[in-house]
Every structure is written in structure tokens, then in C-alpha cells.
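Reading through the C-alpha cells given below for one structure.
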Amino acid sequence: MQQSIKPTKAFRIASIVALVVGVGAYFIGLYNAPMALNEKGYYFTIMLFGLFSVISLQKTVRDKMEGVPSTKAYFLASGVAVASAIVLLVIGLINAELLLSEKGFFGMAFTLSLFAAITVQKNVRDGAALELNGTTTQHKPKGKIEEGKNDNSRYLMEVEQTKAKVSQ
Numbered sequence: 276m277q278q279s280i281k282p283t284k285a286f287r288i289a290s291i292v293a294l295v296v297g298v299g300a301y302f303i304g305l306y307n308a309p310m311a312l313n314e315k316g317y318y319f320t321i322m323l324f325g326l327f328s329v330i331s332l333q334k335t336v337r338d339k340m341e342g343v344p345s346t347k348a349y350f351l352a353s354g355v356a357v358a359s360a361i362v363l364l365v366i367g368l369i370n371a372e373l374l375l376s377e378k379g380f381f382g383m384a385f386t387l388s389l390f391a392a393i394t395v396q397k398n399v400r401d402g403a404a405l406e407l408n409g410t411t412t413q414h415k416p417k418g419k420i421e422e423g424k425n426d427n428s429r430y431l432m433e434v435e436q437t438k439a440k441v442s443q
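Here our numbering is used: the first residue of the sequence shown is 276, the next is one more, and so on.
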């Protein structure tokens, strides 16, 4: 099992902002798009399906990494769901009567949203795992964390020593 490191607050916030920007831009673009209501419903559903499927796939992959039992069928179903969401969006955009720039906009907003959803899910999972284990180790630029040990005090000592050297 791999030791989790709590993501920094800046990274967690950036991930959430990326998710909000991606999903928000996609839905605002969808609202303003010159297409029929049933087409808008199609793209709305694809976004929700895509977000759910990448979160499910990320959870399954993480469960496997941590040794949590997970069936191969669910793993494959999650992977097929992610691929299906992407393929359905691509097919829809190819056949849509939109400008090429609009098609690119929807594709990029969708991609950003899926990537951000995976990252937010990972951050939530890392934070929850550390809270359950009783550790709150922040990401450190140097040093390796030994499994099962919380070496915050050693890290803080190194920081203080570095500050002392710089101030001399």
C-alpha cells in the first residue's frame, strides 16, 4: 500500500476551481448554444455521465492500489462508461451544426471537467485516508515518508535549521 500525502490547500482549491470553471463554462455554453432543447439535454446528460464515470473509475483504481476488494466487472464497466461518455460527446460534436470553434470549446470544457473531477476525487480520498489514519502530513518538497510514520517534527526541524542558516 502506498502512503498518501495530504495535498496542499492551494492544490485542492485549484482543483475545485478548475472543476467549477470547466463545468460552469460547459453549461453556460450549452445554455447559449443555438441548438434544440433535446440536443441540449443530450450534451447535459453526457457531462453528468462523464463526471460520474471518471469518479467511479478513479475510485476503483484507487481501491485496487490500496488493496480494497473490487470486482473486475465493475472496473471494466467503469472504464467502458468513461470511454462511452467521451465517444458519445465526440460523435455528437461531429454531427452537430456548430462552428468548429464551438465544437472545440465544448470538447475542451468537457476534458477540463473530467480531469478536474478526477483530481478533486483524489484530493478528497487522500484527505479522508489521512484523517482515518490520524495523520495530517502535508506535501513536502524533499524527503521520503516512511510507511506508517508521521515525520512532521523532523521536517519542521529541518525547516528551522534552514531558516537559521539563511538568517546568518
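Every residue gets a Cβ at the ideal spot worked out from N, C-alpha and C, and that includes glycine.
Closest to residue i by C-alpha separation, out of the options, would be which residue?
| i | options | result |
| --- | --- | --- |
| I288 | E406, F381, L363 and V399 | V399 |
| L332 | A384, F319 and K347 | K347 |
| G360 | T320, G304, A404 and A403 | In the sequence as presented, Gly is not what sits at residue 360; that position holds Ala. The shortest Cα separation from A360 among T320, G304, A404 and A403 belongs to T320. |
| F324 | L405, I280 and S388 | S388 |
| V365 | V329, M322, P309 and E435 | M322 |
| Q396 | A352, S328, A308 and G304 | S328 |
| Y306 | N408, T386, L407 and E377 | E377 |
| A404 | F302, V343, F385 and F286 | V343 |
Within the same chain, show all residues whose beta-carbon is closer than 7 Å to that of residue i, passing over the 5 residues directly before and after it, in chain order.
| i | result |
| --- | --- |
| V362 | none |
| Q413 | Per-residue confidence for Q413 stands at a pLDDT of 49, beneath the threshold of 50, marking its modelled position as unreliable; no derived number is given. |
| Y349 | T335 |
| I291 | V395 |
| Y301 | M322, F381, A384, F385 and S388 |
Using a Cβ-Cβ cutoff of less than 6 Å, which residues in the same chain neighbour residue i once the five nearest sequence positions on both sides are dropped?
| i | result |
| --- | --- |
| Y318 | L305 |
| I330 | A392 and Q396 |
In its own chain, which residues sit with a C-beta less than 8 Å from the C-beta of residue i, not counting the 5 before and 5 after it?
| i | result |
| --- | --- |
| A293 | L387, F390, A391 and T394 |
Quick one: complete alpha helix (DSSP H) runs, 4+ long, within the region 290-323? none
Please list the segments of the alpha helix (DSSP H) lying wholly inside the region 325-392, counting only runs of 4 or more residues, in order along the chain. 347-370
contact_flag[the region 294-302, the region 389-403] where n(CB pairs < 8 Å) is 3 or more: yes
For the region 332-342 against the region 308-322, do three or more pairs of beta-carbon atoms, one drawn from each stretch, fall closer than 8 Å, so that the two count as touching? No, the region 332-342 does not touch the region 308-322.
Sufficient close CB pairs (3 or more, under 8 Å) joining the region 378-386 to the region 340-359: The region 378-386 is not in contact with the region 340-359.
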